[in-house]
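Scroll down for the structure; my scribbles are underneath it.
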Amino acid sequence: MNYRTFPKTGKKVSLLGFGTMRLPEVDGHIDEAEAIRMIRYAIDNGVNYVDTAYMYHDGASEVLVGKALKDGYREKVLLADKLHLLFAEEAADQQKILDEQLRRLDLPSIDMYLVHDIHEKLWERAKKYDTLRFMREKQAEGVIKHVGFSFHGETPAFFREIVDAFPWDFCQIQLNYMDTEFQAGVEGLKYAESKGIPVIVMEPLKGGKLTDVLPGPIQAYWDNIGTDRTPADWALKWVANFPAVLTILSGMSTFEQVEENIRILSNAEANGLTAEELAVIGKVAQEYNNLIPYSCTACKYCIPCPVKLKIPYIISLRNEATIYESPEKIAKTVRNLVRPQPSACIACKQCEEKCPQHLPISEIMSESAQMFE
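Per my numbering, the sequence shown starts with residue 59, numbered consecutively.
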C-alpha cells in the first residue's frame with residue numbers, strides 16, 4: 059500500500075481509505091460478518107484510514123465499524139466520523155450526537171472528526187450553533203483529535219470561504235474525472251493545497267457510476283485502448299495523481315472491490331500519470347459528456363420556482379441517469395433527498411421563459427417523475 063504524510067502529525071496515511079457508506083447488505087441490513095471480514099482484510103493489507111458517519115446505514119455503520127475495530131484493530135487505524143448538523147435542532151444537540159456516536163462505536167475518542175456536508179444552509183446553522191467553538195472544545199478535551207469538514211457546497215468560492223474560516227487540519231471533497239468543476243472541484247483542491255490543508259477525496263468512482271454499468275460508447279472506447287487496466291484503475295489513479303490528496307475513500311460493497319482497490323492504489327503515485335494517460339482519461343470524460351441529454355449550465359435563471367423545485371439539481375440527476383445508465387440508483391437519491399419531488403411541477407413554464415438554453419423544463423420534470431418516482 060502507498061502512503062502519504064498527514065502534515066499535522068507526520069503520520070503515514072494509506073492512499074486507500076475504507077468508506078463504510080456502502081457496506082454489503084442482506085435483507086436490507088449490513089452483512090456483519092462479511093463487512094467485518096472486508097474491513098479487517100483491508101487493514102491487514104495496509105489500509106489505515108476508516109471512515110464512517112452518523113447517518114450511514116441509518117446509524118448501523120458506526121456500530122459495525124466499532125465491532126470491526128476490536129481485537130487490536132483500533133490501534134492500527136485513523137478513525138473518521140462526522141457531525142451532521144442536519145440532525146441538530148439546537149446547539150446542544152451537537153454534544154448529544156457526538157455522545158451517541160461514541161456509544162455506537164464503543165470508543166472514547168475519534169481521530170478525524172468532520173463538520174459534515176457543509177453547504178450554504180448548513181454553514182449558516184454552524185455559525186448559529188457556534189459549531190467551530192464546539193469542535194475546539196472537544197479537541198481540547200481529547201474526545202476528537204483532528205478537525206475537518208466535508209464539502210457539498212455549490213462553488214469553489216464558497217469552498218474558499220470555508221477553508222479560510224478556521225484552521226482546519228484537513229478537508230474532504232468529492233472529486234473524480236467527471237466532477238472536475240463540481241462543488242469544490244480541482245480549483246478547490248488546489249486552494250486547499252495552497253493553504254497546506256490535506257484533502258480527503260470521496261466519490262472517486264462517482265458512486266460506482268464510472269465502473270458499474272458502462273454505456274456502449276464508453277465500453278467501446280475502453281476496449282479499443284488495448285490495455286488490461288480496468289475503469290476503476292484509471293479513475294482511482296487519476297485522483298491519486300494529485301499530490302494534495304491524502305487518502306481516497308472508496309465505499310466498498312464486496313470483498314473483490316477491496317482486493318482490486320488495494321491492488322490499484324498500492325502502485326499509484328502523485329504525478330504518476332503520463333500526458334498520454336491523462337489524454338485518455340480526458341477523452342473518456344468527453345465521451346461521457348457527449349451523452350448528456352439536456353445541456354443545463356446551472357445558471358439558475360429558472361429559480362425561484364413557484365413550487366420551489368430545485369430545477370438545476372433535478373436536471374443534473376436526469377442527465378446522470380442517462381449518462382451512467384443508473385436510473386435505479388438515482389431514484390433512491392430522489393426519494394431520499396429531493397424535496398419537492400419532480401412530480402410537483404405544475405407546468406407553468408415560467409422557468410422555460412427564463413432559460414438561456416431554451417430547455418423544455420416542464421417536460422424534463424415530467425420525465426424525471428416517471429423515471430424516478
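Think of the CB as a built atom: it goes at the ideal place given N, C-alpha and C, for glycine as much as any other residue.
Pull up the distance between the alpha-carbon of Ile369 and that of Leu127, whole angstroms please. In the sequence shown, counting from the first residue as 1, residue 369 sits at position 311. In the sequence shown, counting from the first residue as 1, residue 127 sits at position 69. Straight-line Cα distance between these residues: approximately 43 Å.
Test item: CB-CB of Glu148 and Tyr187 under 9 Å: By 1-based counting over the sequence shown, the position of residue 148 is 90. By 1-based counting over the sequence shown, the position of residue 187 is 129. Taking 9 Å as the Cβ cut-off, Glu148 and Tyr187 qualify as a contacting pair.
Quick one: residues in its chain with C-beta nearer than 7 Å to the C-beta of Val259, no 5 flanking neighbours on either side, listed in chain order? Within the sequence shown, the letter at position 201 stands for residue 259. So the list reads Ile231, Leu233, Val297, Val303, Ile306 and Leu307, once near-sequence residues are dropped.
Would Tyr171 and Lys196 qualify as a contact pair, given that the criterion is a beta-carbon distance under 9 Å? As a working note, residue 171 is residue 113 in the sequence shown. As a working note, residue 196 is residue 138 in the sequence shown. Yes, the pair counts as a contact, with Cβ atoms nearer than the cut-off.
With a threshold of 6 Å on Cβ separation, who are the neighbours of Ala405 within its own chain once the five nearest residues in sequence on each side are excluded? Within the sequence shown, the letter at position 347 stands for residue 405. Result list for Ala405: Ser420, in chain order.
Name the one or two DSSP bridge partners that Gln230 has. By 1-based counting over the sequence shown, the position of residue 230 is 172. Gln230 is bridged to Ser208 and Ile258.
Please classify Ala138: does DSSP put it in a helix, a strand, or coil? In the sequence shown, counting from the first residue as 1, residue 138 sits at position 80. Secondary structure at Ala138: strand, using DSSP grouped into helix, strand and coil.
Here's a check: name, in chain order, each residue in its chain whose Cβ is nearer than 7 Å to the Cβ of Gly200, leaving out the five neighbours to either side. Within the sequence shown, residue 200 is the residue found at index 142, counting from 1. Result list for Gly200: Ser167, in chain order.
Suppose the cutoff is 7 Å on Cβ atoms and the five residues either side in sequence are ignored; what does the same chain contact list for Tyr346 look like? The residue you call residue 346 lines up with position 288 of the sequence shown. Excluding positions up to five away in sequence, the list reads Met236, Ile276 and Ile381.
Are Val365 and Phe300 close, meaning C-beta to C-beta below 9 Å? Reading the sequence shown from its first residue, position 307 is the one you call residue 365. Reading the sequence shown from its first residue, position 242 is the one you call residue 300. Not a contact, by the Cβ cut-off of 9 Å.
Roughly how many whole angstroms lie between the Cα atoms of Phe145 and Arg162? Reading the sequence shown from its first residue, position 87 is the one you call residue 145. Reading the sequence shown from its first residue, position 104 is the one you call residue 162. Cα-Cα distance, rounded: 16 Å.
Hey, could you find the ends of the alpha helix (DSSP H) Val338 is sitting in? Here residue 338 refers to the residue found at position 280 when the sequence shown is read from its first residue. Val338 -> alpha helix (DSSP H) spans Ala333 to Asn347.
Whose C-alpha, out of Asn377, Arg218, Arg321 and Tyr359, is nearest the C-alpha of Ser252? If you number the sequence shown from 1, residue 252 lands on position 194. Of the candidates Asn377, Arg218, Arg321 and Tyr359, the one whose C-alpha sits nearest the C-alpha of Ser252 is Arg218.
Would you kindly report the start and end of the unbroken beta strand (DSSP E) that includes Ser119? Residue 119 sits at position 61 when you count from the first residue of the sequence shown. No beta strand (DSSP E) holds Ser119; the alpha helix (DSSP H) holding it covers Ala118 to Ala126.
Glu411 to Asn377 span [Cα, whole Å]: Locating residue 411 in the sequence shown gives position 353, counting from the first residue. Locating residue 377 in the sequence shown gives position 319, counting from the first residue. Roughly 21 Å between the two C-alpha positions.
Does the distance from the CB of Val108 to the CB of Gly75 come in under 9 Å? Locating residue 108 in the sequence shown gives position 50, where the first residue counts as 1. Locating residue 75 in the sequence shown gives position 17, where the first residue counts as 1. Contact: yes.
List the residues that DSSP assigns as beta-bridge partners of Ser308. Translated into positions along the sequence shown, residue 308 becomes position 250. Looking at the DSSP assignment, Ser308 forms a beta bridge with Phe76.
Going by the CB atoms, is the gap between Cys403 and Ile373 shorter than 9 Å? Taking the sequence shown and counting its residues from 1, one reaches residue 373 at position 315. Taking the sequence shown and counting its residues from 1, one reaches residue 403 at position 345. Not a contact, by the Cβ cut-off of 9 Å.
Distance check for Pro273 and Asn106, CA to CA, integer angstroms please. One-based indexing of the sequence shown puts residue 106 at position 48. One-based indexing of the sequence shown puts residue 273 at position 215. Using only the alpha carbons, I get a separation of about 34 Å.
Residues of its chain near Ala379, where Cβ-Cβ distance is below 7 Å and the 5 sequence neighbours each way are ignored: In the sequence shown, residue 379 corresponds to position 321, counting from 1. Answer for Ala379: Pro385, Ile388 and Met429, listed in chain order.
Cα-Cα separation, Gly254 to Pro65: Within the sequence shown, the letter at position 196 stands for residue 254. Within the sequence shown, the letter at position 7 stands for residue 65. Rounded to the nearest whole angstrom, the C-alpha separation of Gly254 and Pro65 is 8 Å.
By Cβ distance, which residues of its chain are closer than 6 Å to Tyr249, with the 5 residues on each side in sequence left out? Against the sequence shown, residue 249 aligns to sequence position 191. Once the five neighbours on either side are set aside, the close Cβ partners of Tyr249 are Arg218.
How is the alpha helix (DSSP H) around Phe217 delimited, first residue to last? Here residue 217 corresponds to residue number 159 of the sequence shown, with the count starting at 1. First-last of the alpha helix (DSSP H) with Phe217: Pro214 to Asp222.
Assuming contact is defined by CB atoms lying nearer than 9 Å, are Ile322 and Ala343 in contact in what I supplied? Here the question's residue 322 lines up with position 264 in the sequence shown. Here the question's residue 343 lines up with position 285 in the sequence shown. For Ile322 and Ala343, no; Cβs fall outside 9 Å.
Cα separation between Tyr114 and Gly124? Within the sequence shown, residue 114 is the residue found at index 56, counting from 1. Within the sequence shown, residue 124 is the residue found at index 66, counting from 1. C-alpha separation (whole angstroms): 13 Å.
From what residue to what residue does the beta strand (DSSP E) around Tyr279 run? Along the sequence shown, read from residue 1 onward, the residue named residue 279 stands at position 221. Element bounds for Tyr279: not the beta strand (DSSP E) but the alpha helix (DSSP H), Gly274 to Ile283.
Just verifying my parser: in three-state terms, what is the DSSP assignment at His87? The residue labelled residue 87 in the question sits at position 29 within the sequence shown. His87 falls in the strand class under three-state DSSP.
To the nearest angstrom, how far is the alpha carbon of Asn60 from that of Thr78? Indexing the sequence shown from 1 puts residue 60 at position 2. Indexing the sequence shown from 1 puts residue 78 at position 20. Using only the alpha carbons, I get a separation of about 21 Å.
Where His174 sits in the DSSP three-state scheme: As a working mapping, residue 174 is identified with position 116 in the sequence shown. His174: strand per DSSP, three-state reduction.
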